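Take a look at the structure set out below.
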């Protein structure tokens, strides 16, 4: 077993070092406090809370149980512990949303690591651990946190992490278990052996169990020996690399090659795509934890929920005297135990019970509360039919701001566009459409061919088909305009970029 006196060398070997060398690298104070580097896993498919979540805007970017998004709440709860700036892991398609949500709460970070493709948690954490070991911060404890979990009791969260720090510092791979309150079939389970650790709050893991059927889940609940698997982990970066190399060396090898050829673009770290694609897809549970002899668990009693379905969100939400949870413009008459959400329209419901009703900008979903897990089947059908509702909302966020597709018809489309102060769109052209721009508020700098001009409120311009153009906001307030597109094809893939500040193709 590799203890904390070992560090990961650039050549991929674990090498013993003198404590004075470590002290010079991380500081005496860091040694005393056992540095914690939070690794926030911010990927997701966006299917479980459709229609609010989408593939390009999954639930961690939504405001569901408070004033902040779930990603922002995950960052904010780190104030309960001593830690280094967090390292974020997400997909390429989510990078600007992650960066903008961190900027909005002024959250410092250690970088945004971009997975070239989805390969589950084991390879993603290998990238994070290799990045941490190469960053010159010694061999930190990695606190692995999904970005889409709800935690109510921050003091209990802090105490559980403190309890797991010592065994993790000594080489154990710690996970956190949730006391089950129901025979849940949507979670994996952990079976522990009480009293086998020197720490009274840390137990040796005997077995990781897959998601059970209803009868098995009932047995787990009745026995009292099982915990829900929270998906939260704590271990030294070098220990994870060592265990992954022992049990899934092909994953580690692919990730090492990907990180060796990684490029850095401001805050974004891009591992080499071709190397990473050679990694098998596997979870940390299957790849490492269930094989390790050093897996331990700390109970986490903190009001946890993974908000994995609409019924789970109803469970975690505030309810009225009839058991209803409402968000938005809602009018209920003799309804009970319902979850009703509206983004735009008034929803009036009469005599309903145990239903979920959700209205978004472009879709309405109605489901029996005990069948909301089947929303994935709706998303699968939308994808099979190539419908945009599976991927994006009507309102689409971009690194420069957002656009809202207000109306679409035969050979025309109307969008409301908002450009952040100082931001600019790419220099681009379209083969199949022309555009009219009308400034509603703010100031626009418009490049059209060889000409450049400033437009203010109520002024407009025309962008002919096939002409290079760019839209910029040189002002100190947001630029809002209406864009009317007309032409034979209006898809987002009819964009040829010549220059782009955000490194998009």
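Residue numbers (UniProt numbering): 1 to 505.
All residues carry an ideal CB built from backbone N, CA and C; glycine is no exception.
Treat the numbers as computed from the prediction; the structure is a model and nothing was measured.
**Message:** Beta-carbon within less than 6 Å of residue 314's beta-carbon, same chain only, minus the 5 sequence neighbours each way: which residues are those?
**Reply:** The beta carbon of residue 314 is closer than 6 Å to those of 325, 339 in its chain, skipping five residues each way along the sequence.
**Item:** Minimum C-alpha distance to residue 224 - residue among 473, 183, 96, 210
**Value:** Checking every option, the nearest Cα to that of residue 224 belongs to 183.
**Prompt:** According to the neighbour-count rule (16 or more other Cβ atoms, all chains shown, within 10 Å of its Cβ), is residue 42 buried or exposed?
**Reply:** With 16 or more Cβ atoms within 10 Å of its Cβ, residue 42 is classed as buried.
**Message:** Quick check on DSSP: helix, strand or coil for residue 391?
**Reply:** Residue 391 falls in the coil class under three-state DSSP.
**Asked** Counting pairs of beta carbons, one from the segment 114-121 and one from the segment 268-278, are three or more of them closer than 8 Å?
**Response** The way I'd put it, the segment 114-121 does touch the segment 268-278; three or more beta-carbon pairs between them come closer than 8 Å.
**Prompt:** What are the partner residues of residue 265, as DSSP defines its beta bridges?
**Reply:** When DSSP reads this structure, residue 265 sits in a beta bridge with 268.
**Request:** Take residue 398 as the anchor and find which of 94, 69, 141 has the nearest alpha-carbon.
**Result:** Considering only 94, 69, 141, the residue with the shortest C-alpha distance to residue 398 is 94.
**Prompt:** For residue 330, which of 321, 341, 337, 440 has the nearest alpha-carbon?
**Reply:** Nearest option by C-alpha distance: 341.
**Prompt:** Where does residue 230 fall in DSSP's three states?
**Reply:** In the structure shown, residue 230 sits in a strand (DSSP, three-state: E or B).
**Request:** With a 10 Å radius around its C-beta and 16 neighbouring C-beta atoms as the bar for buried, classify residue 289 as buried or exposed.
**Result:** Under this definition residue 289 is a buried residue.
**Prompt:** Which residues bound the alpha helix (DSSP H) around residue 310?
**Reply:** DSSP places residue 310 in the uninterrupted alpha helix (DSSP H) bounded by 310-316.
**Request:** Kindly indicate which residue of 422, 88, 179, 467 has the alpha-carbon position closest to the one of residue 428.
**Result:** Nearest to residue 428 by alpha-carbon distance, out of 422, 88, 179, 467, is 467.
**Message:** Using a Cβ-Cβ cutoff of less than 6 Å, which residues in the same chain neighbour residue 577 once the five nearest sequence positions on both sides are dropped?
**Reply:** Limits of the chain in this structure are 1 at one end and 505 at the other, which puts residue 577 out of reach.
**Secondary structure of residue 108, DSSP reduced to three states** = Coil.
**Prompt:** Between the segment 60-75 and the segment 363-373, do at least 3 Cβ pairs fall closer than 8 Å?
**Reply:** Segments in contact, no.
**Item:** CB contact flag (residue 267, residue 482, <7 Å)
**Value:** Between residue 267 and residue 482, the CB-CB gap reaches or exceeds 7 Å.
**Message:** Tell me the DSSP secondary structure of residue 30 in three-state form.
**Reply:** Caution is warranted here: a pLDDT of 39 is assigned to residue 30, below 50, making its placement in the model unreliable, and the coordinate value is therefore given only provisionally. Three-state DSSP puts residue 30 in a helix.
**Message:** For residue 423, count the other beta carbons within 10 Å of its own beta carbon; 16 or more makes it buried, fewer makes it exposed. Which is it?
**Reply:** With at least 16 other beta carbons inside 10 angstroms of its own, residue 423 counts as buried.
**Request:** Determine, using beta carbons only, whether residue 470 and residue 443 come nearer to each other than 7 Å.
**Result:** No.
**Message:** If you reduce the DSSP assignment to three classes, tell me which class residue 223 lands in.
**Reply:** The three-state reading of DSSP puts residue 223 in helix, counting H, G and I together.
**Item:** Range covered by the beta strand (DSSP E) that runs through residue 292
**Value:** For residue 292, no beta strand (DSSP E) encloses it, and the DSSP letter there is neither H nor E.
**Message:** Tell me whether the segment 98-108 and the segment 257-264 touch, counting them as touching only if at least three CB pairs, one residue from each stretch, are closer than 8 Å.
**Reply:** By the Cβ test, the segment 98-108 is not in contact with the segment 257-264, since fewer than three Cβ pairs between them sit closer than 8 Å.
**Contained beta strand (DSSP E) runs [length at least 3] in the UniProt domain "MannoseP isomerase/GMP-like beta-helix" (334-382), N- to C-terminal order** = With a minimum length of 3 residues, the continuous beta strand (DSSP E) runs that stay inside the UniProt domain "MannoseP isomerase/GMP-like beta-helix" (334-382) are 339-342, 347-350, 355-359, 364-368.
**Item:** Secondary structure of residue 436, DSSP reduced to three states
**Value:** Strand at residue 436.
**Request:** Evaluate residue 294 with the Cβ neighbour count: other Cβ atoms within 10 Å of its Cβ, from every protein chain shown; 16 or more gives buried, anything less gives exposed.
**Result:** It counts as buried.
**Asked** In angstroms, rounded to a whole number, what distance separates the CA positions of residue 286 and residue 297?
**Response** Distance between the alpha carbons of residue 286 and residue 297 is about 16 Å.
**Asked** The beta strand (DSSP E) with residue 146 in it runs from where to where?
**Response** Residues 141-146.
**Asked** Taking the alpha helix (DSSP H) that residue 41 falls in, what are its first and last residues?
**Response** Not the alpha helix (DSSP H): residue 41 falls in the beta strand (DSSP E), residues 36-41.
**Item:** Length of the line joining the Cα atoms of residue 321 and residue 407
**Value:** In a straight line, the C-alpha of residue 321 is about 40 Å away from that of residue 407.
**Message:** I'd like to check one pair, residue 245 with residue 234: are the Cβ atoms closer than 7 Å?
**Reply:** Between residue 234 and residue 245, the CB-CB gap reaches or exceeds 7 Å.
**Request:** Identify whether residue 404 lies in helix, strand or coil by the three-state DSSP scheme.
**Result:** In the structure shown, the three-state DSSP call for residue 404 is strand.
**Request:** Mark residue 464 as exposed unless 16 or more other C-beta atoms lie within 10 angstroms of its C-beta, in which case mark it buried.
**Result:** For residue 464, the number of other beta carbons within 10 angstroms of its own is below 16, and it is reported as exposed.
**Request:** Would you give the residue range spanned by the alpha helix (DSSP H) that residue 302 belongs to?
**Result:** No alpha helix (DSSP H) holds residue 302; DSSP gives it neither H nor E.
**Request:** Note down the Cα distance separating residue 21 from residue 242, rounded to an integer number of angstroms.
**Result:** Residue confidence for residue 21 is low, a pLDDT of 32 falling below 50, so the modelled location carries little weight; the figure read from the coordinates is stated next. Put simply, the backbone Cα of residue 21 is about 21 Å away from that of residue 242.
**Asked** When the Cβ atoms of the segment 156-174 are set against those of the segment 125-135, are three or more pairs found closer than 8 Å?
**Response** A contact between stretches requires three or more CB pairs, one per stretch, nearer than 8 Å, and the segment 156-174 fails this requirement with the segment 125-135.
**Asked** Between the C-alpha atoms of residue 350 and residue 332, what's the straight-line distance to the nearest angstrom?
**Response** Their Cα atoms are separated by approximately 6 Å.
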